[in-house]
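Chemist: Let me give you the structure first, and then I'll get to my questions.
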Amino acid sequence: MQSQEKYPIGEVERICNVPIKTLRYYDSINLVIPYFRDEKSGYRYYNKEQMVTICIIRKLRMLGFGLKEIQNIINDNRAHILEESIDSKLIEISNEIKKLQQKYTEGYTFSQRLKKGVDILSLYSKDDLTSKGITIEEIPQSYILFTKKQMKNYSNKDVSLERWVELINLSNKLNLENKGSIVVTYYSNPLEQFLYKDLDIEFAMYLKSPIDFPNCKKFGGFTAATTIHIGDYSNIINKHIEMIQYLNKSGYKINGNISEEFIISPFDVNNPDEHVTKIIIPIEKP
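Heads up, the sequence shown is in the UniProt record's numbering, so the first residue is 1 and it goes up one at a time.
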């Protein structure tokens, strides 16, 4: 039998860029058994064919193949099986990239919303959180994903965790990219959301683009009076009253359902002093 050139394990480590510890492990699981083992020293030696196999294994490991998968590929040793295995792995990698991109997008959106809230907090004096007034602005038209249902004996002193989570779960189920803030709209007369009445209440989140789904619709495209409430949500009634008084004095008429946009919500930061809520009241001149 023709003698083959033997490469000591240290040289194989250098040439194939695979640690000696890993080569020993491959030997222990019968993935790559050394071509020759010195009986006295126990030192391992490999031939060129095995070094090629080790390089193939390294390449497959870099693609994320498990050792059992690699063992099957090596044992089969056919190009079309290798091609099919790599194509399948590429699909897995593509799906992982999509999931990571979605995580990044969600994290970035959350970060931008918090930045907006922190910027607002910095504009308000700690001694006078009511120093900023009421603004008349155009609410741009956007698309929202929403859930709308009646809530019994409702009083707007805290936010419904159940409804909040329901909306987020729906968004996740549909694999949607949202634009951050959740908006709650009260289908009632002004201030009735504080009076323990049965009310139709809509929870919604802004979408980056419309979808063909019954719970997707347009929001905005109207003139509104807006203001910012800083602090404990249970005190937001005072801001609503202040706004309605202002509108009555200024000759504006409420022309739609009142909404609240949660910029920093009770479900973001467990510190009531840093909760930021934007009140949106559609209006028109009489």
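Ideal placement from N, C-alpha and C gives every residue a C-beta, glycine not left out. Every value quoted in this text rests on a predicted model; they were computed, and no experiment measured them.
I'd like the list of long-range same chain contacts for K179, defined as Cβ closer than 8 Å, with 5 residues on each side in sequence excluded.
Modeler: Within the sequence shown, residue 179 is the residue found at index 179, counting from 1. Once the five neighbours on either side are set aside, the close Cβ partners of K179 are T109, S142, M205, Y206, L207, K208.
Chemist: According to DSSP, is H229 part of a helix, a strand, or is it coil?
Modeler: Walking along the sequence shown from the start, residue 229 turns up at place 229. DSSP places H229 in strand when its eight states are reduced to three.
Chemist: Could you give the first and the last residue of the continuous alpha helix (DSSP H) run that contains D27?
Modeler: Taking the first residue of the sequence shown as 1, we reach residue 27 at position 27. That run of the alpha helix (DSSP H) goes 20-28.
Chemist: In its own chain, which residues sit with a C-beta less than 7 Å from the C-beta of E137, not counting the 5 before and 5 after it?
Modeler: Here residue 137 refers to the residue found at position 137 when the sequence shown is read from its first residue. Result list for E137: A224, T226, in chain order.
Chemist: Do the region 264-273 and the region 156-176 touch if we need at least three Cβ pairs shorter than 8 Å?
Modeler: With the cut-off at 8 Å, the region 264-273 and the region 156-176 touch.
Chemist: At what residues does the alpha helix (DSSP H) containing Q102 begin and finish?
Modeler: Taking the sequence shown and counting its residues from 1, one reaches residue 102 at position 102. Note, Q102: alpha helix (DSSP H), 79-123.
Chemist: Which residue from E274, V276, I9, R14 puts its Cα closest to that of Y46?
Modeler: Position 46 of the sequence shown, counting from 1, holds the residue named residue 46. With distances taken between Cα atoms, Y46 lies closest to I9.
Chemist: What runs of the beta strand (DSSP E), each 3 residues or longer, lie entirely inside the region 195-242?
Modeler: Runs of the beta strand (DSSP E) inside the region 195-242: 197-207, 216-219, 222-230.
Chemist: With three or more C-beta pairs closer than 8 Å as the rule, is the region 191-202 touching the region 149-160?
Modeler: Enough Cβ pairs lie closer than 8 Å, so yes.
Chemist: Go through its chain and collect everything with a Cβ distance to I70's Cβ below 6 Å, but skip five positions before and after it.
Modeler: Start at 1 with the first residue of the sequence shown, and residue 70 comes out as number 70. Cβ within range, chain order: I57, L60.
Chemist: For L145 and N175, what's the separation of their Cα atoms in angstroms?
Modeler: Position 145 of the sequence shown, counted from the start, is the residue given in the question as residue 145. Position 175 of the sequence shown, counted from the start, is the residue given in the question as residue 175. Taking the straight line joining both Cα atoms gives about 12 Å.
Chemist: Over the uninterrupted beta strand (DSSP E) stretch that includes Q150, give me the two end residues.
Modeler: For the purposes of this step, residue 150 is taken as residue 150 along the sequence shown, with counting starting at 1. From DSSP, the beta strand (DSSP E) with Q150 extends over 142-154.
Chemist: Just the C-alpha distance for I201 and K157, rounded to the nearest angstrom, thanks.
Modeler: Locating residue 201 in the sequence shown gives position 201, where the first residue counts as 1. Locating residue 157 in the sequence shown gives position 157, where the first residue counts as 1. Going by the C-alpha atoms only, they are around 14 Å apart.
Chemist: Round the Cβ separation of I279 and P190 to the nearest angstrom and send it over; I've been treating them as touching at under 8 Å.
Modeler: Working through the sequence shown from its first residue, we reach residue 279 at position 279. Working through the sequence shown from its first residue, we reach residue 190 at position 190. So it is not a contact: roughly 11 Å between Cβ atoms.
Chemist: Taking 8 Å as the cut-off, decide whether the C-beta atoms of F222 and I139 are in contact.
Modeler: The residue labelled residue 222 in the question sits at position 222 within the sequence shown. The residue labelled residue 139 in the question sits at position 139 within the sequence shown. Yes. Within cutoff.
Chemist: Once you ignore the five residues that flank V159 on each side, which residues in its own chain have a CB closer than 8 Å to its CB?
Modeler: As a working mapping, residue 159 is identified with position 159 in the sequence shown. Only V184, Y233, F262, S265, P266, F267 meet the Cβ criterion.
Chemist: Comparing C-alpha positions only, which one of N270, I281, N271, V12 sits nearest to L247?
Modeler: Taking the first residue of the sequence shown as position 1, residue 247 is located at position 247. Comparing Cα-Cα distances from L247 to each of N270, I281, N271, V12, the minimum goes to I281.
Chemist: Starting from I74 and walking both ways along the alpha helix (DSSP H), at which residues does that stretch end?
Modeler: Here residue 74 is taken as the residue at index 74 of the sequence shown, counted from 1. 67-76 is the extent of the alpha helix (DSSP H) around I74.
Chemist: Is it the case that the Cβ atoms of I241 and V276 are separated by a distance below 8 Å?
Modeler: Taking the first residue of the sequence shown as position 1, residue 241 is located at position 241. Taking the first residue of the sequence shown as position 1, residue 276 is located at position 276. No, the pair does not count as a contact, with Cβ atoms beyond the cut-off.
Chemist: What does the Cβ neighbour count give for A112, buried or exposed, with the cut at 16 atoms within 10 Å?
Modeler: As a first step, residue 112 is located in the sequence shown; it is residue number 112 there, counting from the start. With the sequence shown as reference, residue 112 is identified as Gln, and Ala is not the correct amino acid for it. Per the 10 Å Cβ criterion, exposed.
Chemist: Consult DSSP for P282 and reduce its assignment to one of helix, strand or coil.
Modeler: As a working mapping, residue 282 is identified with position 282 in the sequence shown. Here P282 sits in strand by DSSP.
Chemist: Check each candidate in E274, V269, K149 and name the one with the smallest Cα separation from I120.
Modeler: Taking the first residue of the sequence shown as 1, we reach residue 120 at position 120. Here the closest residue by C-alpha is E274.
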